[in-house]
Amino acid sequence: MAPTREIMGTVTPAGPMYQAGTLSGNPLTMTAGLITLTRASSTLSRRQRRVSRSARRACVRPLLPERRFQGRRRRAMKEA
Numbered sequence: 001m002a003p004t005r006e007i008m009g010t011v012t013p014a015g016p017m018y019q020a021g022t023l024s025g026n027p028l029t030m031t032a033g034l035i036t037l038t039r040a041s042s043t044l045s046r047r048q049r050r051v052s053r054s055a056r057r058a059c060v061r062p063l064l065p066e067r068r069f070q071g072r073r074r075r076a077m078k079e080a
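Numbering (this note's numbering), first residue to last: 1 to 80.
Okay, here's the thing in structure tokens:
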């Protein structure tokens with residue numbers, strides 16, 4: 001805003017007319033802000049789900065590979 005001193009005198013805190021801060025509820029900027037937040041929210045949700053899936057898989061995956069071998073007992077049982 002760059003109005004005259006007279007007009008500025010009508011705006012708060014000096015005058016009776018309230019004039020809020022950033023973007024002042026401008027419908028165009030409010031719509032742009034809402035769309036931005038909606039898109040950011042869905043993007044963050046997708047990323048969070050992907051990280052959660054990866055973390056779950058990592059928790060289920062063993063730290064060491066499983067090694068199986070046929071021991072004496074098992075062989076003896078097969079022969080019997």
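Note that CB positions come from ideal geometry on N, CA and C, so glycine has one too.
Quiz prompt | T31 to P3 span [Cα, whole Å] | solution = Numbered from 1 along the sequence shown, position 31 holds the residue referred to as residue 31. Numbered from 1 along the sequence shown, position 3 holds the residue referred to as residue 3. Taking the straight line from one Cα to the other gives about 26 angstroms.
Quiz item: Which value, in whole angstroms, describes the spacing of the CA atoms of S45 and T38?
Solution: For the purposes of this step, residue 45 is taken as residue 45 along the sequence shown, with counting starting at 1. For the purposes of this step, residue 38 is taken as residue 38 along the sequence shown, with counting starting at 1. Distance between the alpha carbons of S45 and T38 is about 11 angstroms.
Exercise. Pull up the DSSP beta-bridge partners for M17, would you.
Key: Position 17 of the sequence shown, counted from the first residue, corresponds to residue 17. The partner list for M17 (beta bridge, DSSP) reads V11.
Self-check item: For G25, the first and last residue of its enclosing alpha helix (DSSP H)
Solution: As a working note, residue 25 is residue 25 in the sequence shown. Here G25 belongs to no alpha helix (DSSP H), and DSSP marks it neither H nor E.
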